[in-house]
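Worksheet for the structure shown next.
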Amino acid sequence: MFDSLLPLSAGGIVNNTLRPSIPSFCDAEWRRLMEQCWAPNPVARPSFTEIASRLRVMEVGFQRSVLETYWESAIIFRRDFFSP
1 MFDSLLPLSA GGIVNNTLRP SIPSFCDAEW RRLMEQCWAP NPVARPSFTE IASRLRVMEV
61 GFQRSVLETY WESAIIFRRD FFSP
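In structure tokens form, the structure reads like this:
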């Protein structure tokens, strides 16, 4: 059943140190939160209250970013297609 696991992966599972890789395009704040949540020392990990608060702040930033991108695209579209 576990034949496909590399010995290092199995050790990571046993020692609770195996973590997924974080894509290079991941936002720095998301990366920082994930890595803090994975801290080996539970005392060093953020509380659920802190995690929820930080996620709310990141959500607002993401929504703002999406809106800014939308409006920038709309301005460019209007300029390129409706300008004399």
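Residue numbers (full-length UniProt numbering): 1 to 84. Idealized CB from N, CA, C, for every residue including glycine.
Check your understanding: Is it true that the segment 73 to 82 meets the segment 39 to 53, where meeting means three or more beta-carbon pairs spaced less than 8 Å apart?
Key -> Short answer: they don't touch.
**Study point:** Per-residue DSSP class, three states only, for residue 87
**Key:** It is not possible to answer for residue 87, since the shown part of the chain is limited to 1 through 84.
Practice item. Would you mind working out which of GLN36, GLY61 and ALA74 sits nearest GLU50, comparing C-alpha positions? Key: The shortest Cα separation from GLU50 among GLN36, GLY61 and ALA74 belongs to GLN36.
Check your understanding: Do you know how far the Cα of LEU18 is from the Cα of ALA74?
Key -> The alpha-carbon atoms of ALA74 and LEU18 are separated by roughly 44 Å.
Check your understanding: Span of the alpha helix (DSSP H) holding SER47?
Key -> Where SER47 is concerned, there is no enclosing alpha helix (DSSP H), given that its DSSP letter is neither H nor E.
Practice item. In angstroms with no decimal places, state the Cα-to-Cα distance between residue 87 and ALA39. Key: Only positions 1 to 84 of the chain appear in this structure, which leaves residue 87 out of reach.
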